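Some notes on the structure that comes next.
Residue numbers (the numbering used here): 4 to 88.
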């Protein structure tokens, strides 16, 4: 089953696309696993995710931590920390 990945702000700019549908390989069980796998997909992903600890994630529109399981996720959004002002 394909999972829709959506990228926001400078994550989108560095990866070069707003979203994509991906088939996650076996062994990708948590958000942290997903971020590691994405970083291995090419230079643009490496640049966008070079500091994975600052990347915020939402699964099916709900903010989650990096230890969260992603099984059954239809949509995963990645975005940088937001500041107010």
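Beta carbons are placed, not taken as given, at the ideal position from N, Cα and C, and that holds for glycine. Only a predicted model underlies this, so the values are computations on that prediction, with no experimental measurement involved.
Nearest neighbour of residue 95, chosen from 45, 54, 21 [CA to CA]: A query on residue 95 cannot be resolved here, the shown segment of the chain reaching from 4 to 88 and no further.
Collapsed DSSP secondary structure at residue 41 in the structure displayed: DSSP, reduced to helix, strand and coil, places residue 41 within a helical segment of the structure shown.
Residue 69 vs residue 35 beta-carbon contact at 9 angstroms: yes
Contact test: residue 12 Cβ vs the ligand PLP heavy atom, cutoff 8 angstroms: Only the bare structure without any ligand can be found here, which leaves the ligand PLP out of the picture.
Bridge-paired residues (DSSP) for residue 24: 7, per the DSSP bridge assignment.
Proximity below 9 angstroms, CB of residue 99 to CB of residue 24: Here the chain comprises residues numbered 4 to 88, so residue 99 is not present and cannot be evaluated.
Coil, strand or helix - residue 16 by DSSP: helix
Residue-level contact to chain C via CB, residue 20, 9 angstroms cutoff: Of the chains in the structure shown, none is chain C; there is only one protein chain.
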